[in-house]
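Working notes, beginning with the structure itself.
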Amino acid sequence: MGYHSVVCVKQVPDTSNISGEAMKPDGTVNRAALAAIFNPEDLHALEAALDIRDAYGGTVTVLSMGPLGAAEVLRECLYRGADRAVLVTDRRAAASDTLATSYILAQAVRKLKDYDFVFCGRQAIDGDTAQVGPQMAEKLGIAQVTYFEKLVELDGRTVRVRRNVGNGWEILEGRLPLLLTVLDTANEPRPASARRVMQRKRSRAVDELRKEIAAAMPGASEDERENAFADGVEKLKMAGQLIEQWNLDDIAADLQWCGLAGSPTKVHRVQSIVLTKEGFTEVPPTEDAIRTMIHELIVDHTLG
Amino acid sequence: MGNFFTDNDDLVFLFDFLDLAEVATAQEDNFKQQDGSGDGYAPIDAADAIDNYRRILTIVGDVAANRIAPRAEKVDHEGNTLNDDGTVTLGEGVRENINSLAQADLMGFTLPREYGGLNCPNLIYTMAVEMVSRADASLMNIFGLQGIAETINAFADDGIKGEYLPRFSRGEVTGAMVLTEPDAGSDLQAVSLRAWQDDDGQWRLNGVKRFITNGCGEVLLTLARSEPDIRDGRGLSLFLVDRGPRIKVRHLEEKLGIHGSPTCELVYDDAPAKLIGERQLGLIRYVMSLMNGARVGIAGQSLGIAEAAYRVARNYAAKRKQFGVAIEQLPAVAEMVVDMKVAIEAGRALTYETCRICDLENNNLRVLETAPPTDKDEAKERKQLARSLKRLNGMLTPMSKYYCSEMCVRVANDAVQVLGGSGYMSDYPVERYLRDARITTIYEGTSQLQVVAAVRGVCSDAFTKYVEAFEADQYTDDALAKLHTQLVECKQQLAEAVDAVRAEGGNYMDLSGRRLVDAAAVVIIGHLLLRQAKVNERKRAVAERFITTGALAVQRDVARVKSGDKSVMTNYALLAGPVCAGA
Chain A
1 MGYHSVVCVK QVPDTSNISG EAMKPDGTVN RAALAAIFNP EDLHALEAAL DIRDAYGGTV
61 TVLSMGPLGA AEVLRECLYR GADRAVLVTD RRAAASDTLA TSYILAQAVR KLKDYDFVFC
121 GRQAIDGDTA QVGPQMAEKL GIAQVTYFEK LVELDGRTVR VRRNVGNGWE ILEGRLPLLL
181 TVLDTANEPR PASARRVMQR KRSRAVDELR KEIAAAMPGA SEDERENAFA DGVEKLKMAG
241 QLIEQWNLDD IAADLQWCGL AGSPTKVHRV QSIVLTKEGF TEVPPTEDAI RTMIHELIVD
301 HTLG
Chain B
305 MGNFFTDNDD LVFLFDFLDL AEVATAQEDN FKQQDGSGDG YAPIDAADAI DNYRRILTIV
365 GDVAANRIAP RAEKVDHEGN TLNDDGTVTL GEGVRENINS LAQADLMGFT LPREYGGLNC
425 PNLIYTMAVE MVSRADASLM NIFGLQGIAE TINAFADDGI KGEYLPRFSR GEVTGAMVLT
485 EPDAGSDLQA VSLRAWQDDD GQWRLNGVKR FITNGCGEVL LTLARSEPDI RDGRGLSLFL
545 VDRGPRIKVR HLEEKLGIHG SPTCELVYDD APAKLIGERQ LGLIRYVMSL MNGARVGIAG
605 QSLGIAEAAY RVARNYAAKR KQFGVAIEQL PAVAEMVVDM KVAIEAGRAL TYETCRICDL
665 ENNNLRVLET APPTDKDEAK ERKQLARSLK RLNGMLTPMS KYYCSEMCVR VANDAVQVLG
725 GSGYMSDYPV ERYLRDARIT TIYEGTSQLQ VVAAVRGVCS DAFTKYVEAF EADQYTDDAL
785 AKLHTQLVEC KQQLAEAVDA VRAEGGNYMD LSGRRLVDAA AVVIIGHLLL RQAKVNERKR
845 AVAERFITTG ALAVQRDVAR VKSGDKSVMT NYALLAGPVC AGA
């Protein structure tokens with residue numbers, strides 16, 4: 001028995017450490033200037049899935065769409081206990097907006113077939129749209145609960161979860177399969193396990209292996225490299241160290257819904273907004289003055 | 305996301321600087337597990353092992369910075385709770401910390417892979433201890449008790465090992481080393497807790513133990529008197545006792561610091577026990593070995609506390625303005641900050657060198673015990689090596705513990721001083737660091753006992769031979785060569801002081817011990833820092849500051865030793881005054 005979970009994870013530029021070169025003149029993110037990190041809320045999504053597996057049995061498969069470098073966040077998942085990792089990478093998927101991305105991820109989840117839960121982080125810190133999870137649920141035709149904070153009960157195919165709606169909670173009951181988008185208040189993600197890091201640090205997607213062989217054998221002929229590659233893939237497979245790598249054909253994606261063609265979102269304009277301090281108000285330490293200040297803060301929605 | 309490994313330039317520098325390949329090769333028996341017997345994570349060569357070490361320390365740095373450190377204040381306030389039934393409930397923060405460490409698979413740090421451990425050398429473990437202690441010194445007393453599992457691994461039979469060690473690795477159990485009694489503190493030979501065998505041959509322990517760190521842990525390695533007719537250390541054996549209804553915590557100590565660490569008074573009521581290794585070797589062999597490892601651990605803990613205190617002071621000195629300038633521009637403050645930093649780097653140089661040599665010694669002993677070489681010459685060589693490493697460690701281990709613990713009290717004290725009034729308040733963590741630091745010069749053997757242990761080596765050829773190797777170093781750079789010469793002179797002065805002590809005889813050695821060990825530490829650390837200065841520009845300044853001030857201290861210490869002043873002994877009653885009424 002047990003439950004099979006799919007967790008969607010994303011490698012994102014570290015927007016919490018912005019430097020001057022974070023944006024390019026054309027208004028797109030300069031990924032080269034920012035460190036690539038594991039999208040923080042996706043770690044909470046992974047933790048939620050691992051918790052269910054640890055309590056009820058089953059498996060956790062992690063899925064990422066992105067350039068080859070995204071294999072690194074998949075390894076991070078393996079270090080934390082994920083059972084299987086799949087990377088969807090394809091040049092034709094470049095410039096996908098949330099609609100195209102959710103289509104591609106939904107296709108990949110379909111290919112995985114048997115799943116009970118799909119977990120996503122609430123949102124990614126690069127786009128901050130919080131759209132991909134909900135759109136995936138629609139495309140998969142399954143129920144969704146956003147702002148997941150706690151698993152209340154799981155019994156057979158029925159699940160009760162608590163979602164945080166900002167000024168309170170809702171407890172919802174649903175039938176599996178279910179897609180959940182997870183808040184960072186849901187749990188404390190486990191650290192990487194030292195033992196798993198040593199076991200899985202050599203896990204590679206095939207194109208990573210191809211690149212490493214090219215770098216390691218600069219003078220070799222095409223044939224020699226191909227042989228080394230075939231040999232390497234075999235070794236990875238034998239050792240259970242292969243990160244599965246799928247392209248758009250593998251997931252039977254219709255190209256008109258992928259990449260630029262499948263992305264209706266157009267960036268109209270990017271504004272650089274610098275927040276500045278504007279003066280200050282001095283509040284005398286009296287009961288009345290403080291009451292007035294609190295009232296003002298409530299009126300302008302800083303509080304409450 | 306902070307990281308206590310990658311944000312610590314000195315630790316990272318040492319990681320790269322030390323010969324980890326040699327340590328890894330010894331630790332991994334020349335990488336014999338790469339055939340797959342290592343459960344899929346044995347390193348294939350030295351580079352692979354070092355890569356593993358770096359990754360493991362990065363995980364420790366992550367857990368320390370992002371999980372343990374944020375909980376430290378809460379842990380300090382909460383402490384732990386003694387229940388009516390003689391059990392202890394650990395504070396919530398302490399439990400969360402242990403859980404984080406277990407999740408990261410860090411609780412079997414040095415155990416072999418066959419028991420689920422990481423098989424890390426002591427050097428890497430001590431770096432981890434330092435980072436954990438920087439986050440929360442009190443947690444080190446649980447994380448740093450892995451020597452208990454190590455002792456079981458080294459001396460217990462296979463049955464006990466198979467039963468207990470995997471549980472340690474999984475973080476399911478923690479241990480305690482149960483040695484101290486009301487009348488047996490520094491003098492462990494006086495231990496009286498009774499061990500007896502019932503009609504079924506089952507060992508049982510009866511008596512009271514006091515000041516037991518983590519005495520509420522699940523696995524209690526207990527020193528007890530199994531031979532009632534032998535009154536000294538040879539009458540003591542080591543037992544493994546499971547926590548159960550026949551052991552009660554009678555009292556939980558209220559302490560100055562390390563509030564997260566439960567310090568227990570234990571009552572054994574004929575508690576069933578398993579003998580570890582052989583009878584009568586409890587103190588003289590097993591506990592001595594356990595204590596040596598634990599002492600290096602305290603050196604690591606001291607480094608961590610000092611690092612934490614220094615960082616707060618350094619930043620405060622840069623930000624706090626008085627008289628129109630940042631206070632770090634005031635010479636008196638600048639000197640405190642610099643002295644803190646240099647002392648920490650000095651302590652690190654000594655401690656990690658000690659760890660490196662401990663690892664070489666332990667691995668050599670392991671080979672001699674488990675797979676003695678058949679080749680006669682090699683066997684002879686290894687035995688000789690074992691002897692010389694043992695003597696060297698007999699000096700370096702207590703010296704590291706002594707140096708680092710005293711250093712950390714000084715640094716934490718100065719950190720409070722740099723912060724002034726704010727430092728005395730609990731708004732900043734430095735007052736906690738000072739409270740936590742204070743235990744380090746006391747437990748696992750007081751500073752005074754460390755000096756007694758270290759001075760033997762300092763006065764023997766263990767010291768002179770070890771230093772001779774450094775003296776053979778060649779420095780082409782004039783400035784470094786000059787410092788090198790200064791250290792050679794320091795050693796000569798120290799040799800004169802040692803002669804003077806010998807000439808005086810009697811207990812003048814005990815009286816002068818501290819000064820001799822201090823001088824020897826200057827010589828050894830000075831050489832270590834000089835070697836670092838060879839490859840690192842900043843370390844030149846560190847070495848110069850350390851050696852220049854250190855050489856002056858050596859002169860003063862040597863002069864005092866040579867003075868032959870024994871007034872504290874000969875004139876004690878007069879100088880100390882009468883025993884105080886009403887104290």
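Protein chains in written order, with my numbering: chain A, 1 to 304; chain B, 305 to 887. Where a beta carbon is used, it is the ideal one built from N, C-alpha and C, also for glycine.
Show which residues of chain A have a CB atom less than 7 Å away from the CB atom of ASN356/B. Position 52 of the second sequence, counting from 1, holds the residue named residue 356/B. Residues of chain A passing the Cβ test: MET198.
Cross-chain neighbours of ASP409/B in chain A, by beta carbon under 8 Å: Numbered from 1 along the second sequence, position 105 holds the residue referred to as residue 409/B. The contacting residues are SER193, ALA194, ARG195, ARG196.
Select from GLY390/B, GLN450/B, ALA494/B, ALA636/B the residue whose C-alpha is nearest the C-alpha of VAL553/B. To locate residue 553/B, count along the second sequence from 1; it is residue 249. The candidate whose alpha carbon is nearest that of VAL553/B is GLY390/B.
Who are LYS645/B's beta bridge partners in DSSP? Looking up residue 645/B in the second sequence gives position 341. Paired residues: none, contrary to the question.
With the cut-off set at 8 Å, would you say THR768/B and TYR590/B are in Cβ contact? Translated into the one-based positions of the second sequence, residue 768/B becomes position 464. Translated into the one-based positions of the second sequence, residue 590/B becomes position 286. Cβ atoms of THR768/B and TYR590/B: not closer than 8 Å.
Looking only at its own chain, which residues have a Cβ that is under 7 Å from the Cβ of ILE290/A, when we skip the five neighbours before and after it? On the first sequence, position 290 is the one that residue 290/A refers to. The residues are VAL283.
Rounded distance between the beta-carbons of LYS687/B and LEU280/B, thought under 8 Å: Look at the range of chain B in this structure, 305 to 887, and you will see that residue 280/B is not part of it.
Cβ closer than 7 Å: which chain A residues qualify as neighbours of TYR345/B? Your numbering for residue 345/B matches position 41 in the second sequence. The answer, in chain order, is ARG195, MET198, GLN199.
What runs of the alpha helix (DSSP H), each 4 residues or longer, lie entirely inside the region 87-139 of chain A? Segments of the alpha helix (DSSP H) lying fully in the region 87-139 of chain A: 98-112.
Measure the C-alpha to C-alpha separation of GLN721/B and ASN811/B and round it to an integer number of angstroms. Translated into the one-based positions of the second sequence, residue 721/B becomes position 417. Translated into the one-based positions of the second sequence, residue 811/B becomes position 507. Using only the alpha carbons, I get a separation of about 37 Å.
For PRO13/A, name the three-state secondary structure that DSSP assigns. Taking the first sequence and counting its residues from 1, the one referred to as residue 13/A is at position 13. Of the three classes helix, strand and coil, the one that applies to PRO13/A here is strand, per DSSP.
I'd like to know whether the C-beta of ARG190/A is nearer than 8 Å to at least one C-beta of chain B. The residue you call residue 190/A lines up with position 190 of the first sequence. Interface residue, yes.
Members of the region 365-388 of chain B that neighbour chain A once the beta carbon cut-off is set at 9 Å: Per Cβ criterion, the list reads ASP366, VAL367, ASN370, ARG371.
Inside the region 220-278 of chain A only - beta strand (DSSP E) runs reaching at least 3 residues: 242-246
Local conformation of MET65/A per DSSP, three classes: For the purposes of this step, residue 65/A is identified with residue 65 of the first sequence, where counting begins at 1. Three-state DSSP puts MET65/A in a strand.
Which word fits ARG175/A, buried or exposed, when buried means at least 16 other C-beta atoms lie within 10 angstroms of its C-beta? Here the question's residue 175/A lines up with position 175 in the first sequence. ARG175/A is classed as exposed because its beta carbon has fewer than 16 other beta carbons within 10 Å across all chains shown.
Please say whether ALA499/B and VAL545/B have beta carbons closer to each other than 8 Å? For the purposes of this step, residue 545/B is taken as residue 241 along the second sequence, with counting starting at 1. For the purposes of this step, residue 499/B is taken as residue 195 along the second sequence, with counting starting at 1. Cβ atoms of VAL545/B and ALA499/B: not closer than 8 Å.
Does any residue of chain A have a CB that is nearer than 8 Å to the CB of SER404/B? Your numbering for residue 404/B matches position 100 in the second sequence. So yes, SER404/B belongs to the interface.
Would the region 168-184 of chain A count as touching the region 209-221 of chain A if we require 3 or more Cβ pairs under 8 Å? no
Proximity winner among THR362/B, ASN423/B, GLY881/B, relative to MET435/B (alpha-carbon distances): What you label residue 435/B is simply residue 131 of the second sequence in a count that begins at 1. Minimum Cα distance to MET435/B is reached at THR362/B.
Whose Cβ in chain A lies nearer than 9 Å to the Cβ of LEU422/B? Your numbering for residue 422/B matches position 118 in the second sequence. Ordered by position in chain A, the residues that pass the 9 Å Cβ test against LEU422/B are ALA194, ARG195, MET198.
Straight-line CA distance for LEU820/B to ASN875/B? As a working note, residue 820/B is residue 516 in the second sequence. As a working note, residue 875/B is residue 571 in the second sequence. One C-alpha to the other measures close to 23 Å.
Integer Cβ distance of LEU236/A from LEU209/A, believed to fall under 8 Å: Residue numbering aside, residue 236/A sits at position 236 when the first sequence is read from its first letter. Residue numbering aside, residue 209/A sits at position 209 when the first sequence is read from its first letter. Contact holds; Cβ gap of about 7 Å.
Please report the distance separating the alpha-carbon of LYS10/A from that of THR158/A. Translated into the one-based positions of the first sequence, residue 10/A becomes position 10. Translated into the one-based positions of the first sequence, residue 158/A becomes position 158. Those two C-alpha atoms are separated by around 29 Å.
Just to confirm my understanding: we take ALA636/B, look at its own chain, exclude 5 residues before and 5 after, and list those with CB closer than 8 Å. What are they? Reading the second sequence from its first residue, position 332 is the one you call residue 636/B. Closer than 8 Å at the Cβ level, and outside the excluded window around ALA636/B, lies no residue.
Please state whether DSSP places LYS625/B in a helix, a strand or coil. Here residue 625/B is taken as the residue at index 321 of the second sequence, counted from 1. LYS625/B falls in the strand class under three-state DSSP.
So, is the C-beta of ILE360/B closer than 8 Å to a C-beta in chain A? Residue 360/B sits at position 56 when you count from the first residue of the second sequence. Output row for ILE360/B: interface = yes.
For ASP663/B, count the other beta carbons within 10 Å of its own beta carbon; 16 or more makes it buried, fewer makes it exposed. Which is it? Position 359 of the second sequence, counting from 1, holds the residue named residue 663/B. Buried is the call here.
Please report how far the alpha carbon of GLY412/B lies from the alpha carbon of ILE580/B, in whole angstroms. Sequence index remark: in the second sequence, residue 412/B carries index 108 (1-based). Sequence index remark: in the second sequence, residue 580/B carries index 276 (1-based). The straight-line gap from Cα to Cα measures roughly 19 Å.
If you scan the region 546-632 of chain B from start to end, which runs of the beta strand (DSSP E) of 3 or more residues do you find wholly inside it? 551-556, 567-580
With THR391/B as the anchor, note down where its alpha helix (DSSP H) starts and where it stops. What you label residue 391/B is simply residue 87 of the second sequence in a count that begins at 1. Neither: THR391/B is in no alpha helix (DSSP H) and is coded neither H nor E.
Given GLY868/B, which residues of its chain have a CB within under 8 Å of its CB, disregarding the five upstream and five downstream residues? What you label residue 868/B is simply residue 564 of the second sequence in a count that begins at 1. The beta carbon of GLY868/B lies closer than 8 Å to those of ALA804, GLU808, TYR812 in the same chain, with the five residues before and after it left out.
Along the chain, where does the alpha helix (DSSP H) that runs through LEU784/B open and close? Position 480 of the second sequence, counted from the first residue, corresponds to residue 784/B. Residues 782-808.
Looking only at C-alpha atoms, which of GLU382/B, TRP507/B, ASP323/B sits nearest to TYR357/B? For the purposes of this step, residue 357/B is taken as residue 53 along the second sequence, with counting starting at 1. Closest by alpha carbon: ASP323/B.
CB contact flag (ALA178/A, PHE117/A, <8 Å): The count along the first sequence starts at 1 and reaches residue 178/A at position 178. The count along the first sequence starts at 1 and reaches residue 117/A at position 117. Going by the sequence as given, residue 178/A is Leu instead of Ala. For LEU178/A and PHE117/A, yes; Cβs fall inside 8 Å.
Give me the subset of the region 429-456 of chain B whose CB atoms are less than 7 Å from a CB atom of chain A, sorted by chain position. Residues passing the 7 Å Cβ filter: none.
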